[in-house]
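Remarks on the structure that follows.
Number of protein chains: 2
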Amino acid sequence: MHSVQEQFRAYLAKHKLKVTRQRKTILDAFLSSPSHLSAEELYIRLRKKHPNIGYATVYRTMKLLAESGIAAERHFGDRQTRYEANTGEEHHYHLICEQCARIVEFEDTQIDLLLQKAASAHNYTLSHRRLEIYGQCPACQKK
Amino acid sequence: MHSVQEQFRAYLAKHKLKVTRQRKTILDAFLSSPSHLSAEELYIRLRKKHPNIGYATVYRTMKLLAESGIAAERHFGDRQTRYEANTGEEHHYHLICEQCARIVEFEDTQIDLLLQKAASAHNYTLSHRRLEIYGQCPACQKK
DNA sequence: GTAGTTGCAAATCATTTGCAGTAAT
DNA sequence: ATTACTGCAAATGATTTGCAACTAC
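Following this line, the structure appears as C-alpha cells:
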C-alpha cells in the first residue's frame, strides 16, 4: 500500500514539484498533530524543533497538502483556516461545543443518504458537503 | 405584528443605542437586496444612492443586525462574511454550485430530525447547525 | 546547470478601531 | 446637555507574494 508520504511524493512528482526537507518536515508534523490545527499553530509547533522554518513555507505547504488531497481545509466560526487529515473517501461531520470549542467527529450513513437525496431533488450533483452542529458538550452543560 | 424595522428599533432601544438615518438606510438596503451579500457588496450598492455612507458603518450595522437576530452571518468558501435575512426560527440548508456559485436554499425536516438525533447521541445539546452541499447545478452539468 | 523552493519582509484583503466632529435622545 | 454615531484613516490579523539566495533534480 502507499503511505501518506508516498502519496505526497506522487503528487509532487506529477506536478514537477520538488521533495524538500521542509515539505517532509511539515507533512510529518501535520500527521502527528491533533486535528484542526491552523497554519499558524502548526508553525508554532514546528518552530520548537525547526526554528529556521518559514511562516510562508508552512502556508504554502499546507496548501499543497490540501491540493493533493492529504489535508482538508476547514472553516469554523473563527477567521483562521484549519486543516484535518483526509481519511480517504469517507467524510464525517462535526459537533462543536460553543462554550469550550471541543469538537467531536462523527459519521452517519443516514445523513449521507438524505444529503444525496436533497442534492438530487434539486438536480444538483454532489461533490462534497459540510455539516457542523453547534451546541453544548456534556461537560459544559453541567456548569 | 411587528415589522423588521420595528424589531430593529426594539433591539436598539433595549441596548440604549440610537436609531440613525444610516442604520435605517442600511437595514432597508439589506432587506431589498439579494441574499448572501457581503458587507462590501452592500456598501457598493448603497454608495449609488448614498455616496457619503461609510464603509465602517456598514460593517458596524451588519454586526448589529446579526446581533439583533435580523441577519445571520454565513461563511462559504471565500474569505468574506455574508449575510442573509433571518426568517424566524426556521433554518435551512444550502446547495452550492461549485462552478457558478448559484445557491439554492432548502429545508428538510428529515435532516433536521437526524441532526437532532446525532447531537443527542453524543450528549450534546443543539443550538444551531450549518449544512452546505457542494456540487454542480443543472445548468453547469450540461456544459 | 536549471527550475523549483525557501525565508524574509513587504503587500494584500477583509475587518476593526481610534478619534474628532456630528446627530439622536 | 449628554451620550452615542459617523466617516475617515490608520491599525489589525490572516494569508499571500516578490525576490535574491539556495537546493533538489
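Here the protein sequences come in this chain order: P and B. In terms of my numbering, the first sequence has 141 at position 141, counting the first letter as 1, and numbering is strictly consecutive. Converting from the second sequence to my numbering requires adding 1000 to each position, the first position being numbered 1. All residues carry an ideal CB built from backbone N, CA and C; glycine is no exception.
Under a three-way DSSP split, which group does Glu-1098(B) fall into?
Here residue 1098(B) refers to the residue found at position 98 of the second sequence. Assignment of Glu-1098(B) by DSSP, reduced to helix, strand and coil, places it in the coil class.
Does any residue of chain P bring its CB to less than 8 Å from the CB of Asn-1086(B)?
For this step, residue 1086(B) is matched to residue 86 along the second sequence. No, Asn-1086(B) lies away from the interface with chain P (no Cβ there is under 8 Å from its Cβ).
Leaving out five residues before and five after Glu-1098(B) in sequence, what residues of the same chain have Cβ atoms less than 6 Å from its Cβ?
Along the second sequence, one-based indexing puts residue 1098(B) at 98. Close CB contacts of Glu-1098(B) within its chain, under the 6 Å cut and outside five residues either way in sequence, are with Tyr-1134 (chain order).
For Thr-61(P), is the classification buried or exposed, using 16 other Cβ atoms within 10 angstroms of its Cβ as the cut-off for buried?
Along the first sequence, one-based indexing puts residue 61(P) at 61. Classification of Thr-61(P): buried, given that the 10 Å Cβ count is 16 or more.
Less than 8 Å between C-beta atoms, sequence neighbours within five positions excluded: which residues of the same chain meet that for His-92(P)?
For the purposes of this step, residue 92(P) is taken as the residue at position 92 of the first sequence. Apart from the 5 residues on each side of it in sequence, His-92(P) sits with its Cβ closer than 8 Å to the Cβ of Glu-105, Phe-106, Glu-107 in its chain, given in chain order.
I'd like to know whether the C-beta of Leu-1115(B) is nearer than 8 Å to at least one C-beta of chain P.
Counting from one through the second sequence, the residue named residue 1115(B) turns up at place 115. Interface residue, yes.
Which bits of chain P does Ile-1111(B) rub up against, with CB to CB less than 8 Å?
Here residue 1111(B) is taken as the residue at index 111 of the second sequence, counted from 1. Under the 8 Å cutoff, chain P gives Ile-111, Leu-114, Leu-115, Ala-118.
Quick check on the DSSP output: the alpha helix (DSSP H) that includes Phe-1008(B) runs from which residue to which?
Stepping through the second sequence from its first residue, residue 1008(B) is reached at position 8. Where Phe-1008(B) is concerned, the enclosing alpha helix (DSSP H) stretches over 1004-1014.
Short check: CB of Arg-45(P) to CB of Ala-29(P), under 8 Å?
In the first sequence, counting from the first residue as 1, residue 45(P) sits at position 45. In the first sequence, counting from the first residue as 1, residue 29(P) sits at position 29. For the 8 Å CB-CB criterion, Arg-45(P) and Ala-29(P) form a contact.
For chain B, is any of its Cβ atoms less than 8 Å away from the one on Arg-60(P)?
Walking along the first sequence from the start, residue 60(P) turns up at place 60. By this cut-off, Arg-60(P) is not an interface position.
Does Phe-106(P) have its Cβ less than 8 Å from a Cβ in chain B?
Translated into the one-based positions of the first sequence, residue 106(P) becomes position 106. Output row for Phe-106(P): interface = yes.
Does DSSP classify Phe-30(P) as helix, strand or coil?
Along the first sequence, read from residue 1 onward, the residue named residue 30(P) stands at position 30. In the three-state DSSP reduction, Phe-30(P) falls in the helix class (H, G or I).
Under 8 Å by Cβ, that's how I've got Glu-1132(B) and Arg-74(P) pegged, so tell me the actual separation to the nearest angstrom.
Along the second sequence, one-based indexing puts residue 1132(B) at 132. Along the first sequence, one-based indexing puts residue 74(P) at 74. Actually they are not in contact, since the Cβ atoms of Glu-1132(B) and Arg-74(P) sit about 12 Å apart, beyond 8 Å.
Contacts of Pro-1034(B) in chain P (Cβ-Cβ under 9 Å):
Within the second sequence, residue 1034(B) is the residue found at index 34, counting from 1. Ordered by position in chain P, no residue passes the 9 Å Cβ test against Pro-1034(B), which lies about 18 Å from the chain.
Going by beta carbon distance, what residues of the same chain come within less than 8 Å of Leu-1031(B), once the five residues before and after it are set aside?
Taking the second sequence and counting its residues from 1, the one referred to as residue 1031(B) is at position 31. A distance below 8 Å between beta-carbons, with the five flanking residues on each side excluded, links Leu-1031(B) to the following residues of its chain, in chain order: Val-1004, Ala-1085.
Take the Cβ of Val-58(P) as the centre, count every other Cβ of all protein chains shown within 10 Å, and call the residue buried at 16 or more, exposed below.
Along the first sequence, read from residue 1 onward, the residue named residue 58(P) stands at position 58. Result: buried.
Consider the Cβ of Pro-138(P): report whether some Cβ of chain B lies at a distance smaller than 8 Å.
Here residue 138(P) refers to the residue found at position 138 when the first sequence is read from its first residue. Yes, because at least one Cβ of chain B sits closer than 8 Å to the Cβ of Pro-138(P).
For Arg-1047(B), is the classification buried or exposed, using 16 other Cβ atoms within 10 angstroms of its Cβ as the cut-off for buried?
As a first step, residue 1047(B) must be located in the second sequence, where it is residue number 47. Exposed, by the Cβ-count rule.
Which chain B residues are close to His-75(P), counting only those with a beta carbon under 7 Å from its beta carbon?
Within the first sequence, numbered from 1, the residue matching residue 75(P) stands at position 75. Result: His-1075.
Chain-ordered chain B contacts of Tyr-124(P) [CB-CB under 8 Å]:
Working through the first sequence from its first residue, we reach residue 124(P) at position 124. Neighbours of Tyr-124(P) on chain B, chain order: Leu-1095, Cys-1097, Val-1104, Ile-1133, Gly-1135, Gln-1136, Cys-1137, Pro-1138.
Please classify Leu-1065(B) as buried or exposed, where buried requires at least 16 other C-beta atoms within 10 Å of its C-beta.
Residue numbering aside, residue 1065(B) sits at position 65 when the second sequence is read from its first letter. It counts as buried.
So for Thr-1057(B), helix, strand or coil by DSSP?
The residue given as residue 1057(B) occupies position 57 in the second sequence. Thr-1057(B) falls in the helix class under three-state DSSP.
Could I get the ranges of all uninterrupted beta strand (DSSP E) runs contained in the stretch 62-126 of chain P, with 3 residues as the minimum, in chain order?
Listed in chain order, the beta strand (DSSP E) runs fully inside the stretch 62-126 of chain P are 71-75, 81-85, 93-97, 103-106, counting runs of at least 3 residues.
Below 8 Å CB to CB, which residues in the same chain sit around Leu-1042(B) once its five sequence neighbours on both sides are set aside?
Start at 1 with the first residue of the second sequence, and residue 1042(B) comes out as number 42. Ile-1026, Ala-1029, Phe-1030, Ser-1033, Val-1058, Met-1062, Tyr-1083, listed in sequence order.
Which whole-angstrom value describes the C-beta separation of Tyr-1124(B) and Leu-95(P), a residue pair presumed to lie in contact below a C-beta threshold of 8 Å?
For the purposes of this step, residue 1124(B) is taken as residue 124 along the second sequence, with counting starting at 1. For the purposes of this step, residue 95(P) is taken as residue 95 along the first sequence, with counting starting at 1. Going by Cβ atoms, the distance from Tyr-1124(B) to Leu-95(P) rounds to 5 Å, so yes, they are a contact pair.
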